[in-house]
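Q:
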């Protein structure tokens, strides 16, 4: 599910437009589109690319479509929504947000976007024929769709991401499709955007991220899950509860045996014996509390550092 979360992280980034993004310093990220078309429906870009400065992390996509069904966002704000998605994807590909991006210059666009969403804006970003690459990492995705809106009942931010046609380097085991629906604390994100003395964080200690649903397909097999994550300052005070189900686990094991390492194959083969079976589905309740991981209420001797 790494690739689904990579897409969901989209709203934490900043870079777009037909030239270098104006909402970010060039020391953080540069971006370019060969063509940009504005209309009442939204914004279209062709030949869009973005790169984390001083890294090899690059995003390229043949076509970008940005919409807001509420029609609240200006053309500049629509560009910022795409910018936000591009930086997050690149940061997650790279493994971290570079120091040159983690400063006060990033926050105005993030704060403005969150304020717009809280007021009713519903930005949607679609990338078609996208490539994410850095060194030996190379992913192509036929379609990526990200939608953001406020959950006014809870006061939180709802992020939905869907990707289809996922592939990597030859022999790499990846889902073909991935869909995720998560809820994030709007208050924490707003504080991150306003506080110039703290790093920008997707979710901060003490806050809760809810995974409403996630779904991934791998051949004839499917992974489904939902749960919550409450990060702490370390593994010892981090809490998580997840329910996971895999349909056609046998087919998945066959695929993994062909493409994954022996260690991964062995781990999943052993996991099936701890699962609950219901027809062709195997499920697990995975928890983490006080530094201990448990599966179906059975503590596991997994060292967390």
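Residue numbers (our numbering): 5 to 309.
Ideal Cβ placement from N, Cα and C applies to all residues, glycine included.
Being a predicted model, the structure only gives us computed values, none of them experimental.
Is there a Cβ of chain D sitting closer than 9 angstroms to that of residue 123, yes or no?
A: In summary, chain D is missing from the structure at hand, where a single protein chain is found.
Q: Which ranges would you report for the alpha helix (DSSP H) in the stretch 73-156 if only whole runs of at least 4 residues count?
A: 79-98, 111-122
Q: Which term fits residue 86, buried or exposed, when burial requires 16 or more other beta carbons within 10 angstroms of its beta carbon?
A: buried
Q: Just checking my contact of residue 269 with residue 261 at CB under 8 angstroms: how many whole Å lie between their CB atoms?
A: 5 angstroms
Q: Cβ atoms of residue 173 and residue 133: under 9 angstroms apart, would you say?
A: no
Q: Taking a contact to mean a Cβ-Cβ separation below 9 angstroms, would you say residue 215 touches residue 230 in this structure?
A: yes
Q: So, using beta-carbon positions, are residue 82 and residue 127 closer together than 9 angstroms?
A: yes
Q: Buried or exposed, going by whether 16 or more other CB atoms sit within 10 Å of the CB of residue 176?
A: Classified as exposed, residue 176 has fewer than 16 neighbouring CB atoms from the shown chains inside 10 Å of its CB.
Q: So residue 130 and residue 181 are in contact, right, with Cβ under 8 angstroms, and what is the actual spacing, rounded?
A: About 15 angstroms; that fails the 8 angstroms criterion.
Q: Look at the Cβ atom of residue 125, then the Cβ atom of residue 74, and state whether they are nearer than 9 angstroms.
A: yes
Q: If we call anything under 9 angstroms between Cβ atoms a contact, is residue 161 one with residue 190?
A: yes
Q: Could you say which of 135, 300, 252, 88 lies nearest to residue 117 if we only look at CA atoms?
A: 88
Q: Is residue 219 buried or exposed, if buried means 16 or more other CB atoms sit within 10 Å of its CB?
A: buried
Q: Taking the alpha-carbon of residue 50 as reference, which of 58, 35, 56 has the nearest alpha-carbon?
A: 35
Q: So, residue 145 versus residue 136, is the Cβ gap smaller than 9 angstroms?
A: A contact, by the Cβ cut-off of 9 angstroms.
Q: Drop a sphere of 10 angstroms on the beta-carbon of residue 371, count the other beta-carbons inside from all chains shown, and report buried for 16 or more, exposed for fewer.
A: This structure cannot settle anything about residue 371, because the visible part of the chain is limited to 5 through 309.
Q: Buried or exposed, going by whether 16 or more other CB atoms sit within 10 Å of the CB of residue 294?
A: exposed
Q: Just to confirm, are residue 63 and residue 37 a CB contact at a threshold of 9 angstroms?
A: no
Q: Can you give me the C-alpha to C-alpha distance between residue 61 and residue 235, rounded to a whole angstrom?
A: Approximately 27 angstroms between the Cα atoms of the pair.
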